[in-house]
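Under the working numbering, the final residue of the sequence shown carries the number 413; numbering is consecutive throughout.
Just so it is clear, CB atoms sit at the ideal spot from N, CA and C, and this is done for glycine as well.
A quick write-up on the structure given underneath.
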Amino acid sequence: MGQQNQPAATPAMAATPAVNDVGVAGVASVKPTEDEKKKLKMQFRNRKKHLSKDYEVRKKLGEGNFALVRLCTRKRDKKDFAVKIIHRKRMSKPKQQVALEREIEILMSVDHPNCVKLQDIRETQNHVYLVLELCEGGELFDMICKAGKFTELQAVRVIEQITSALLYLHNRGIVHRDIKPENILLLEKSADSVVKLTDFGLANKIEGPINGLKTSCGTLYYAAPEVLGPGPYQASIDYWSLGVVLYVLLVGYLPFYHDAREETINQIRRARVHFDMKDWGNISVQARDIIRKLLTKDAKSRLNGETLMAHEWMTSNLKDESVVNVDKLKKFQDWKNGFTNIIDTVVAIQKWKRLAGVETKTPLRTMSQLAREDDPFQENAKESGVGAYYATDNRPGVRYVPGIGSVHE
Ligand code: ATP
């Protein structure tokens, strides 16, 4: 099922090592050949040339914790792209500089139909500009809310494409580490469009199954228990996060959520997934099963790319009538968009570590320190304020709680 929707295999996919080559951790490192290195050097030879010489920079498309993303048009052929504008001041610490270089290096090497492709890089003293393939459909969840209807069958197609991207990345030794709804974009303005995984800002390479990674990073609600420390963890963390994304996609709220962050961490560590049948009644049994198998505490028994692709939910012919609760998804989006302004990703690492009982002395950075005052193309950039934890449900006496949906007070 859904195979016809899969983008055609590219030469990059063909070069993906066979499943059997993948180590215990699901990771096998594929190093670029000398020829590939030369080709990349040629493609990105204009790094020092100013962006505005070749591109016209236009409206803002989005914003993350570390970058602004704008629409831009290449002057020579009027082709549109998205340009990710990173202010070097935001990445001034040695570790952040290493992370930025790593993001660029990984982006340069990634070539898969379900991963956003890097087209060009430009650098000035103050900024780094990553010119990316444009995803005109924006974020998947926003498009679903706009469309007003989304079925389980469509969800299968989304998960298939993200899994295809993860198989490709993991086979190259790359762990994404920030799988969440904001990083799932659509190539075209349709909920059925090709899905693209973006934001390799936290991605890292594992040089072999025994090494693993240790940094607690990503976005708390999507983080696997083993990411909360002390590590090491493996590529399988991306499949846990995908399980959280699927849960939210189907019912519009998070499986692990509490107003108190410490309690959210406890819930993730316990890994007990609750399915309220009032919300899950219309969703297939297979969907609950696949989520349970993705949100499995023991990383080794968790579904991986191959077992996920072979799961009954992905392969059986689901009737295209099981409809996702778009109303709740809309409330989740309202909540998330308010919340986005609270720094919850990599900058919160220190706080996580403290909560997870790992000693740290570095203070957590505040929102105002990260306000984006330096977008060189801004016409209406605003100071980001601290967002609300709840989006208010529009019915009196009812509020939306990201962990359970709407509750009556
Ligand atoms: P984070 O806070 O998760 O680290 P970031 O600062 O690295 O994020 P991105 O996630 O890469 O920034 O981009 C921020 C937003 O910009 C995305 O959520 C999306 O809405 C928009 N965006 C990013 N890349 C593209 C693209 N290629 N096409 C269209 N919109 C994009």
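Distance CB(residue 2)-CB(residue 55) smaller than 8 Å: In the structure displayed, the chain extends from 5 to 413; residue 2 sits before or after that span and is not available.
Cutoff 8 Å; reference residue 250; Cβ partners in own chain excluding five residues on either side: Non-local C-beta neighbours of residue 250 in its own chain, meaning closer than 8 Å and more than five positions away in sequence, comprise 159, 163, 291, 294, 295 and 298, ordered along the chain.
For residue 60, three-class secondary structure by DSSP: Residue 60 falls in the strand class under three-state DSSP.
Cβ pair count under 8 Å reaching 3, the stretch 189-206 against the stretch 224-243: No, the stretch 189-206 is not in contact with the stretch 224-243.
Assigned secondary structure, residue 257 (DSSP; H/G/I helix, E/B strand, else coil): Residue 257 falls in the coil class under three-state DSSP.
Three-state class that DSSP yields for residue 126 in the structure shown: Residue state, collapsed to three classes: strand.
For residue 276 and residue 187, the rounded distance between their alpha carbons: Going from the Cα of residue 187 to the Cα of residue 276 covers about 25 Å.
Under the three-state DSSP convention, the category residue 89 falls into: Reduced to three states, the DSSP call for residue 89 is strand.
Straight-line gap, residue 133 to residue 60 (C-alpha atoms, nearest Å): Straight-line Cα distance between these residues: approximately 13 Å.
Spatial distance of residue 300 from residue 46 (CA atoms): Each residue's Cα considered, the two are about 44 Å apart.
Check: residue 73 C-beta below 7 Å from any heavy atom of the ligand ATP: Correct: residue 73 has its Cβ closer than 7 Å to the ligand ATP.
Identified DSSP bridge partners for residue 137: Beta-bridge pairing links residue 137 to 85.
Residue 136 Cβ short of 7 Å to the ligand ATP heavy atom set: Flag set: Cβ of residue 136 near the ligand ATP.
Residue 210 - DSSP class collapsed to helix/strand/coil: Reduced to three states, the DSSP call for residue 210 is coil.
Best match in 208, 258 and 235 for proximity to residue 184 [C-alpha to C-alpha]: Considering only 208, 258 and 235, the residue with the shortest C-alpha distance to residue 184 is 258.
Residue from 273, 210 and 247 whose Cα sits closest to the Cα of residue 234: Just measuring C-alpha positions, the residue of 273, 210 and 247 sitting nearest residue 234 is 273.
Residue 109 to residue 202 span [Cα, whole Å]: Taking the straight line joining both Cα atoms gives about 14 Å.
Exposed unless 16 or more other CB atoms sit within 10 angstroms - verdict on residue 130: The residue is exposed, with fewer than 16 neighbouring Cβ atoms inside 10 Å.
Length at least 3, wholly inside the stretch 162-249: the beta strand (DSSP E) runs in chain order: Within the stretch 162-249, the runs of beta strand (DSSP E) that reach at least 3 residues and sit entirely inside it are, in chain order, 188-190 and 199-201.
According to DSSP, residues forming a beta bridge with residue 74: Answer is 64 and 87.
Proximity winner among 154, 193 and 82, relative to residue 141 (alpha-carbon distances): Taking only the C-alpha atoms, the option nearest residue 141 is 193.
Candidates 253, 267, 303 and 309: closest to residue 287 by CA position: Comparing Cα positions, the closest option is 253.
Start-to-end residues for the alpha helix (DSSP H) that takes in residue 485: For the chain, the structure presents residues 5 to 413; residue 485 sits outside this window and is missing.
Residue 148, buried or exposed, once every other Cβ within 10 Å from all chains shown has been counted against 16: It counts as buried.
Exposed unless 16 or more other CB atoms sit within 10 angstroms - verdict on residue 101: By the C-beta density criterion, residue 101 is exposed, having fewer than 16 other C-beta atoms within 10 angstroms.
Residue interval of the alpha helix (DSSP H) (run including residue 298): It spans 289-298 - the alpha helix (DSSP H) in which residue 298 sits, taken as one unbroken run.
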